[in-house]
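Colleague:
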């Protein structure tokens, strides 16, 4: 008597008892089929824990992501924090000026301008953290950084106009320059090139042009096996020779006339198989 494939205990026991409370009857680990199992411990492959919110959005390092990419995200978050603080301070000053002069045009402009800067920064953070740089359709994924960082750097330069804005402007300029330097590092270049989401879907696959060939228009003949039969020459089909007319000049021999002996068929080229047992000479 044999055990069923998913039962434990010796074959002589009709109802095998489990070794411990709640222990599984069958344990299998694909990565370690000969390992020892401890009752009450999980078996099978253990998946890595899912990344947290802070790791997914680059505030903390995440496994599998280059550290240079994490530094880029952290610098953008610093830029965003400085932009939000600067917008709040500017709104306070604009509100005070609006109450003094009785117009709210400066308050509205400050709010709209600050929201645009925050949105542009969040777009860059989303594209890097979610690895979707190729969604913008650029052939070279670095063009997104050229445009985005150029706009953010131009905005940061306006901070040097007011005295209270200078510390925030210095932080923003340093963050923009740091991200721009990291874009040209080798790990970030490999990350942009090998990650599927960072490549543009509209970019055509690289194919050799016809002018790059040594002999344009030349097509090599198809390969043939060494022992293959010779192929017939290419050309129009050759019709068989016409059969001789029945009532031609050569008449059929008369009965009793001399007929030439029949010639044996020509011997075939190469050795042939023996035709039965050897016969005695006649």
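Numbering (our numbering), first residue to last: 12 to 293.
Even glycine gets a Cβ: it sits at the ideal position worked out from N, Cα and C.
What did DSSP end up calling residue 195 once you bin it into helix, strand or coil?
Modeller: Residue 195 sits at position 184 when you count from the first residue of the chain shown. Of the three classes helix, strand and coil, the one that applies to residue 195 here is coil, per DSSP.
Colleague: Label residue 148 either buried or exposed according to how many other C-beta atoms from any shown protein chain fall within 10 Å of its C-beta, with 16 as the threshold for buried.
Modeller: Along the chain shown, read from residue 1 onward, the residue named residue 148 stands at position 137. The residue in question, residue 148, is exposed, as its Cβ has fewer than 16 Cβ neighbours within 10 Å.
Colleague: Quick one: grab the DSSP three-state call for residue 78.
Modeller: Working through the chain shown from its first residue, we reach residue 78 at position 67. Three-state result, residue 78: helix.
Colleague: Going by beta-carbon coordinates alone, are residue 79 and residue 198 separated by less than 7 Å?
Modeller: Here residue 79 corresponds to residue number 68 of the chain shown, with the count starting at 1. Here residue 198 corresponds to residue number 187 of the chain shown, with the count starting at 1. Yes. Within cutoff.
Colleague: Alpha carbons only, please: which of 170, 206, 211 and 164 is nearest the one belonging to residue 190?
Modeller: Looking up residue 190 in the chain shown gives position 179. When only C-alpha atoms are compared, the closest one is 164.
Colleague: So, are the CB atoms of residue 115 and residue 98 less than 7 Å apart?
Modeller: In the chain shown, the residue the question calls residue 115 occupies position 104. In the chain shown, the residue the question calls residue 98 occupies position 87. Not closer than 7 Å, so no.
Colleague: Going by Cα to Cα distance, which pick from 128, 150 and 158 is closest to residue 170?
Modeller: Stepping through the chain shown from its first residue, residue 170 is reached at position 159. Of 128, 150 and 158, the residue nearest in Cα terms is 128.
Colleague: Pick out whichever of 106, 208, 89 and 104 has its Cα sitting closest to the Cα of residue 182.
Modeller: Translated into the one-based positions of the chain shown, residue 182 becomes position 171. It is 89.
Colleague: Would you call the stretch 136-151 and the stretch 193-212 in contact, with 3 or more CB pairs under 8 Å?
Modeller: yes
Colleague: Taking just the CA atoms, how far does residue 233 sit from residue 160?
Modeller: For the purposes of this step, residue 160 is taken as the residue at position 149 of the chain shown. For the purposes of this step, residue 233 is taken as the residue at position 222 of the chain shown. Distance between the alpha carbons of residue 160 and residue 233 is about 55 Å.
Colleague: Could you please give the first and the last residue of the uninterrupted alpha helix (DSSP H) stretch that includes residue 153?
Modeller: By one-based count along the chain shown, residue 153 stands at place 142. Residue 153 -> alpha helix (DSSP H) spans 153-168.
Colleague: Going straight from the alpha carbon of residue 119 to that of residue 83, what length do you get?
Modeller: Counted from its first residue, the chain shown places residue 119 at position 108. Counted from its first residue, the chain shown places residue 83 at position 72. Distance between the alpha carbons of residue 119 and residue 83: 31 Å.
Colleague: Over the uninterrupted alpha helix (DSSP H) stretch that includes residue 129, give me the two end residues.
Modeller: On the chain shown, position 118 is the one that residue 129 refers to. Looking at the DSSP string, the run of the alpha helix (DSSP H) that includes residue 129 is 116-140.
Colleague: I think residue 68 touches residue 136, with their Cβ atoms under 8 Å apart; what is that distance to the nearest whole Å?
Modeller: Taking the first residue of the chain shown as position 1, residue 68 is located at position 57. Taking the first residue of the chain shown as position 1, residue 136 is located at position 125. That pair is a contact at about 7 Å.
Colleague: Hey, how far is the Cα of residue 208 from the Cα of residue 186?
Modeller: Looking up residue 208 in the chain shown gives position 197. Looking up residue 186 in the chain shown gives position 175. Whole-angstrom Cα-Cα distance: 25 Å.
Colleague: Near residue 176, what residues of its chain come up, given a Cβ to Cβ distance below 7 Å and the 5 sequence neighbours on each side ignored?
Modeller: Counted from its first residue, the chain shown places residue 176 at position 165. Same-chain partners within the cutoff: 97 and 170.
Colleague: Determine, using beta carbons only, whether residue 144 and residue 155 come nearer to each other than 7 Å.
Modeller: Against the chain shown, residue 144 aligns to sequence position 133. Against the chain shown, residue 155 aligns to sequence position 144. Cβ distance < 7 Å, so residue 144 and residue 155 count as in contact.
Colleague: When DSSP labels each residue in this structure, what does residue 71 get in the three-state scheme?
Modeller: By 1-based counting over the chain shown, the position of residue 71 is 60. Reduced to three states, the DSSP call for residue 71 is coil.
Colleague: How big is the Cα-Cα spacing for residue 139 and residue 194?
Modeller: Along the chain shown, one-based indexing puts residue 139 at 128. Along the chain shown, one-based indexing puts residue 194 at 183. About 11 Å.
Colleague: What's the C-alpha gap between residue 174 and residue 59?
Modeller: Within the chain shown, the letter at position 163 stands for residue 174. Within the chain shown, the letter at position 48 stands for residue 59. Computed Cα separation, rounded: 50 Å.
Colleague: Quick check on residue 168: buried or exposed, where buried means 16 or more other Cβ atoms within 10 Å of its Cβ?
Modeller: Position 157 of the chain shown, counted from the start, is the residue given in the question as residue 168. Answer is exposed; the Cβ neighbour count stays below 16.
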